[in-house]
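S.K.: So that you can map any letter, position 543 of the first sequence is 544 in my numbering, and since no number is skipped, the others follow by simple counting.
Here a beta-carbon is modelled for each residue, glycine too, at the ideal position from N, C-alpha and C.
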Amino acid sequence: MPQELPKAYEPGAIERRWAEYWIKEKLFSVPTPPEGETRPVFTLLLPPPNVTGRLHMGHMLNQTQMDIIVRWHRMRGFITLWLPGTDHAGIATQMMVEKQLESEGKKRREMGREKFVERVWEWKKLYGGAILDQMKRLGASVDWDREYFTMDENLSHAVREVFVRLYEEGLIYRGNYIVNWCPWHETAISDLEVKHEEVQGKLWEIRYPVVGSENPHPRQNPAWMGLPQEQEYITVATTRPETMLGDTAIAVNAKDERYTHLHGKKVMLPLMNREIPIICDELAQPEFGTGAVKVTPAHDPNDFEAGKRHDLPQITVMDARGRMNETAGAYAGLDRFAARKKVLEDLREQGFLVGEKDYTLAIGKCERCGTVIEPRLSEQWFIKIKPLAERAKEAVESGEITIVPENYRTIYLQWMTNIHDWCVSRQLWWGHRIPAWTCGKCGEVIVARSAPEACAKCGGAVEQVPDVLDTWFSSGLLPFTTLGWPEKTRDQAVFYPTTLLITAYEILFFWVARMIMFGCHFMHGHEQDRAIKKASGWAEKKNDSVPFRRVYIHALVRDAERQKMSKTKGNVVDPLDVIERFGTDATRFTLAAMAAPGTDIAFNESRTDGYRAFANKIWNAARFMFMNVERVEPDRVGTGLRPVQTGSETRLHMGIAGFQTIALEDRWILSRFNRVAKDVNEALETYRFHEAANRIYDFFWGEFCDWYLELIKPRLNFSSEDGGDKTAARAACANLVNLFDGALRLLHPVMPFITEEIWQAMYEGKPAVKSIALAAYPQADEQQIDLAAETEMAILQDLIVSVRNLRAELKVEPKVKVPIEVFAHEPMVWSLIQQNEGAIKRLANVENIKEVSQHQAAQSPARSTARFDVRVVYERKIDVSAECSKLRKELEGIERRIEVTTGQLGNPGFLSKAPQKVVDGLSKQLEDTKLLREKTLSKMKEMGCGA
RNA sequence: GGGCGGUUAGCUCAGCUGGUUAGAGCGCCUGCCUUACAAGCAGGAGGUCGCAGGUUCGAGUCCUGCACUGCCCA
């Protein structure tokens, strides 16, 4: 110390430098702890971003929160493992590469599966690391040595193992079911991947002629009014008329008397000229429309169920790309929407279309490409989810896993209760291939860990099922597969269950729920290393199979207008752009300061701008410190003025070591520091990031810079003409350094870069530990909290601010020093003023301080408080009427307060029920307010304001 | 249709278990280039806490209803 810091704070260069340093030095790599390790452990799995991903604000919020918590734990001496990796992201990646091929005029299908997958791997090698590189810019303190990719061989091996085990346990089955089918991607997708949207559509009414029947009551049924009497019809309503080509029944409700006479009869399916039965099923609700519905088992999930109940044939009329197939007769080859048009035209022409109404319907769209989902009958693989969900539910209900904020717990439990079987097969090429083979000869299906040579049953040649697994299948396994599963490893014993999961609400079901289900199932019976478990504070937990002990769900980042950021709206804020302009530290601070649990964040750049100013403030305070050290301790330049503390092994070290409480401001700032340390630690404990950030901000700027630095300036200035003392300057300097060091450590998890830069400069690049990230986090020392100092300082501040107020009101020239007259209500206050005379003179621009009678001190221009009256001696005409109206307004407020307080204190209910502390506080307040009233009244009298 | 949240200063938001006179940042107004910082300093204006009831000695905070608004699920 001291290295000269550049005059202006420039985050860009600093941040890049330290980000590289942290990685190069492997500061956050965690080797497997040996047997006998007794330190506490903190483990966190990074929700793996898609390899195709680009960093967005959601990531940045997520990673900022994780990094804060991770750095905080590390600094408190935990063995802290933050595990990074990326997800192969089946659909997204395949799409990306397909698009690339398209631009080269190539097609996936022409290329063939093997070549295509090779191509995807090439793509991954070239571009797959982009998002992780962006993460590095954020300063994420992850263990890069343990970086994984979900398609790595070891993880793929684990995926196959899991699939086979589930199959053997009877928890995986295969079958023909209606699934959500994306005609663009030509694959099944899960319920969760479908986004529902309300659109204005039409409800068409189509009449189906009843076979061999005449209308018995033509005038009693409005649906039949005006129709030819010789032919009876049943009218149904549909929003998807093209599916009628695959109708295999008409359903009516058994209780619906309008149709009783038709039970057992048949109708002629228009356009197709196929006879289909009229069935009774609860699918038809008498209240809705005509009470009759068409049944298309191959194209609607509800109809599918009804079809199974009545053993109806399933007629698929569309192909995988959403075009009508050969069973659609004349419509074969038409796209589904073209077919709809044509079907309607033909129906109208032939007199079957009898109505058309506007209708608001919810349609499902593929969340990735926006194509309208087609329910499609196809052969898929499913996980029988109930048995897995049971344990997963239990784990949360019993409190083995806690979810913060708590309202997500209910949402989770509800979802777990109503959960459906999970369709895990995808008709994609990129992903984990399902370890199943079918025999070409006898059709036998073999699920195995490795490819069978021939069919076990008939010896025929086998071929692997083409489908791959849902991406969430493999990511759901990560908490244990990244720790070596299915082997039993030391890593598992130490790091499993992971401590915490921080993620967005959006993937609560996609990912969080599945990790819990898989964890509870496959890690059943697992036990964490006992000593470590105890040291980490989880001794009372019974279930070590859970993937994590806690889940923290964070908010969504919206734009400044509270709109969800989306590419189509064009309101996406690019975090890297924000970082470029304001710095990573300022951006991190913004996200932390706005992240109150449970509420979304409207990202507002003006806040970030403000926090860059905060960083600049810190920067300049540091320059001030260095400047003084250089002046006061020139002989120590080059050796470093070492603050008293070292690495995180001294984590139990509390307060500020080596701090000397010489003057009031020393006692005060030490007390405040400990208080803020206490608050920040408590806030982080409960993920109240905004509170932690704001607390540090207020302390550093509002107390440390605004008051403490100003107050110690005279002491530092030992050579000044008013006779400074070098020993005192040295002591003040040492205090400043030790305090600054503590403040930097306190702030480091939120603003890692600027704190590292200044901290390293303080040690001239030779600190006891390689980084502030490995130094100890400040813990509060209750002994150093000094109530008396805080009270005294408050009086002093009050006095100084009062004088400043008066000066402003009197429009005293800024350079002019004025004498003040003070009356102190207690001797303590007067001696306090005397002892701090210099500070008052300097900070309030006062010439001298004189003790006078209360009467005199309260004469205008004056300020009165319960502790003192202060008057500024300044010759200036006072605007009497303005002053009077101000006093009157003040008096009104005082009277009102007295009234309210008196009323409350006279209330027996209040006196008997309110806590003593509140009653005492209120009494004191009343006393003070009454005093103020007297003073104000006498002042008014003095000025001749009248009542 | 079911569920969950929001409504506090001009703007963006805090206000945790009900407790003394509801806070911050930005913006606005006034004055300062006071040798750490004009990305700064000092001072100031600005709020019937969405509406209506209720519980309580006491409600921004708890309950009920309403209005507006957002999200999730079907």
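1. Are the CB atoms of residue 772 and residue 82 nearer to each other than 7 angstroms?
2. For residue 726, is the classification buried or exposed, using 16 other Cβ atoms within 10 angstroms of its Cβ as the cut-off for buried?
3. May I have the straight-line CA-CA distance separating residue 220 from residue 365, to the nearest angstrom?
4. For residue 465, which beta-bridge partners are listed by DSSP?
5. Taking the alpha-carbon of residue 262 as reference, which of 271, 298, 303 and 212 has the nearest alpha-carbon?
6. Which residue or residues does DSSP assign as beta-bridge partners of residue 864?
7. Whole alpha helix (DSSP H) runs in the region 504 to 586 with 4 or more residues, listed along the chain?
8. Under a three-way DSSP split, which group does residue 443 fall into?
9. With residue 74 as the anchor, note down where its alpha helix (DSSP H) starts and where it stops.
10. With 16 as the cutoff for other CB atoms within 10 Å, does residue 751 come out buried or exposed?
11. Between which two residues does the beta strand (DSSP E) holding residue 197 run?
12. List in chain order: all unbroken alpha helix (DSSP H) runs of 4+ residues lying wholly within the region 105 to 158.
13. With distance defined between alpha-carbon atoms, name the residue in 283, 341, 275 and 155 nearest to residue 243.
14. Check each candidate in 316, 546, 524 and 935 and name the one with the smallest Cα separation from residue 402.
15. Cβ of residue 670 within 7 angstroms of Cβ of residue 748?
16. Can you tell which of 692, 630 and 659 has its C-alpha closest to the C-alpha of residue 591?
17. So, with DSSP's three-state summary, where would you put residue 36?
18. Under three-state DSSP, which class holds residue 418?
19. Assuming residue 270 is part of the beta strand (DSSP E), what are its boundary residues?
20. Can you tell me the Cβ-Cβ gap for residue 754 and residue 58, rounded? I've got them flagged as a contact below 8 angstroms.
21. Please list the terminal residues of the continuous alpha helix (DSSP H) segment that includes residue 809.
22. Rounded to whole angstroms, how far is the Cβ of residue 861 from the Cβ of residue 940, which I believe are closer than 8 angstroms?
23. Tell me whether the region 728 to 739 and the region 31 to 51 touch, counting them as touching only if at least three CB pairs, one residue from each stretch, are closer than 8 angstroms.
24. Does residue 398 pass the burial test, meaning 16 or more other C-beta atoms within 10 Å, or should it be called exposed?
25. Compare the beta carbon distance of residue 491 and residue 33 with 7 angstroms and say whether it is the shorter of the two.
26. If I follow the unbroken alpha helix (DSSP H) through residue 382, where does it start and stop?
27. Taking the straight line between their C-alpha atoms, what separation do you get for residue 280 and residue 337?
28. Could you tell me if residue 267 is buried or exposed, where buried requires 16 or more neighbouring beta carbons within 10 angstroms of its beta carbon?
29. Between the alpha carbons of residue 405 and residue 555, how many angstroms are there, rounded?
30. Thinking C-beta only, is residue 790 closer than 7 angstroms to residue 679?
31. Looking at residue 464: is its Cβ nearer than 7 angstroms to the Cβ of residue 456?
32. Considering Cα atoms alone, identify which of 595, 343, 179 and 105 is closest to residue 299.
33. Suppose you measure from the CA of residue 218 to the CA of residue 354; what does that come to, to the nearest Å?
34. Within the same chain, show all residues whose beta-carbon is closer than 7 angstroms to that of residue 804, passing over the 5 residues directly before and after it, in chain order.
35. State buried or exposed for residue 954, treating a residue as buried only when at least 16 other CB atoms are found within 10 Å of its CB.
36. I'd like the span of the beta strand (DSSP E) that includes residue 261, first residue to last.
M.R.: Walking through what the data contain:
1. Your numbering for residue 772 matches position 771 in the first sequence. Your numbering for residue 82 matches position 81 in the first sequence. No, the pair does not count as a contact, with Cβ atoms beyond the cut-off.
2. In the first sequence, counting from the first residue as 1, residue 726 sits at position 725. Exposed.
3. Position 219 of the first sequence, counted from the first residue, corresponds to residue 220. Position 364 of the first sequence, counted from the first residue, corresponds to residue 365. Below a pLDDT of 50, predicted positions are generally treated as unreliable, and residue 220, at 45, falls in that range; no measurement from the model is reported.
4. Mapped onto the first sequence, residue 465 falls at position 464. BP columns for residue 465 point to 438.
5. Counting from 1 along the first sequence, the entry for residue 262 is found at position 261. Distances from the CA of residue 262 to each of 271, 298, 303 and 212 were compared; the closest alpha carbon is that of 212.
6. Start at 1 with the first residue of the first sequence, and residue 864 comes out as number 863. Answer by DSSP bridge pairing, in chain order: 871.
7. Entirely contained in the region 504 to 586, the alpha helix (DSSP H) runs reaching 4 residues are, in chain order, 514 to 523, 531 to 536 and 576 to 583.
8. Along the first sequence, read from residue 1 onward, the residue named residue 443 stands at position 442. Three-state DSSP puts residue 443 in coil, outside helix and strand.
9. Translated into positions along the first sequence, residue 74 becomes position 73. For residue 74, the enclosing alpha helix (DSSP H) covers residues 58 to 76.
10. Here residue 751 corresponds to residue number 750 of the first sequence, with the count starting at 1. Taking all protein chains in view, the Cβ of residue 751 is crowded by 16 or more other Cβ atoms within 10 Å, so the residue is classified as buried.
11. As a first step, residue 197 must be located in the first sequence, where it is residue number 196. Residues 195 to 210.
12. The qualifying runs are 109 to 112, 114 to 128 and 131 to 139.
13. Numbered from its first residue, the first sequence carries residue 243 at position 242. Closest option to residue 243, Cα to Cα, is 341.
14. Counting from one through the first sequence, the residue named residue 402 turns up at place 401. Comparing Cα positions, the closest option is 546.
15. Looking up residue 670 in the first sequence gives position 669. Looking up residue 748 in the first sequence gives position 747. Not closer than 7 angstroms, so no.
16. Here residue 591 is taken as the residue at index 590 of the first sequence, counted from 1. Residue 591 has its Cα closest to that of 692, out of 692, 630 and 659.
17. Here residue 36 is taken as the residue at index 35 of the first sequence, counted from 1. In the three-state scheme derived from DSSP, where H, G and I count as helix and E and B as strand, residue 36 is classed as coil.
18. As a first step, residue 418 is located in the first sequence; it is residue number 417 there, counting from the start. Helix.
19. As a working note, residue 270 is residue 269 in the first sequence. For residue 270, the uninterrupted beta strand (DSSP E) run begins and ends at 267 to 270, by DSSP.
20. Looking up residue 754 in the first sequence gives position 753. Looking up residue 58 in the first sequence gives position 57. That pair is no contact at about 19 angstroms.
21. Residue 809 sits at position 808 when you count from the first residue of the first sequence. Element bounds for residue 809: 788 to 811.
22. Start at 1 with the first residue of the first sequence, and residue 861 comes out as number 860. Start at 1 with the first residue of the first sequence, and residue 940 comes out as number 939. Residue 861 to residue 940, Cβ: 6 angstroms. Contact.
23. No, because fewer than three Cβ pairs between the region 728 to 739 and the region 31 to 51 fall closer than 8 angstroms, the two stretches do not touch.
24. Along the first sequence, one-based indexing puts residue 398 at 397. Under this definition residue 398 is an exposed residue.
25. For the purposes of this step, residue 491 is taken as residue 490 along the first sequence, with counting starting at 1. For the purposes of this step, residue 33 is taken as residue 32 along the first sequence, with counting starting at 1. Yes, they are a contact pair.
26. Here residue 382 corresponds to residue number 381 of the first sequence, with the count starting at 1. According to the DSSP assignment, residue 382 belongs to no alpha helix (DSSP H) but to the beta strand (DSSP E) extending over 375 to 384.
27. Stepping through the first sequence from its first residue, residue 280 is reached at position 279. Stepping through the first sequence from its first residue, residue 337 is reached at position 336. Going by the C-alpha atoms only, they are around 27 angstroms apart.
28. Residue mapping note: residue 267 aligns to position 266 of the first sequence, counting from 1. Result: buried.
29. Translated into the one-based positions of the first sequence, residue 405 becomes position 404. Translated into the one-based positions of the first sequence, residue 555 becomes position 554. Going by the C-alpha atoms only, they are around 9 angstroms apart.
30. One-based indexing of the first sequence puts residue 679 at position 678. One-based indexing of the first sequence puts residue 790 at position 789. Judged by their CB atoms, residue 679 and residue 790 are not nearer to each other than the 7 angstroms cut-off.
31. Taking the first sequence and counting its residues from 1, one reaches residue 464 at position 463. Taking the first sequence and counting its residues from 1, one reaches residue 456 at position 455. Contact: no.
32. Residue 299 sits at position 298 when you count from the first residue of the first sequence. Among 595, 343, 179 and 105, the Cα nearest to that of residue 299 is on 179.
33. Here residue 218 is taken as the residue at index 217 of the first sequence, counted from 1. Here residue 354 is taken as the residue at index 353 of the first sequence, counted from 1. Because residue 218 sits at a pLDDT of 48, beneath the cut-off of 50, its placement in the model cannot be relied upon, and the point is left open.
34. As a working note, residue 804 is residue 803 in the first sequence. 821, 845, 847, 871 and 873, listed in sequence order.
35. No answer is possible for residue 954: it lies beyond the span of the chain, which begins at 2 and ends at 948.
36. Counting from 1 along the first sequence, the entry for residue 261 is found at position 260. Unbroken run through residue 261: none, as it is neither H nor E.
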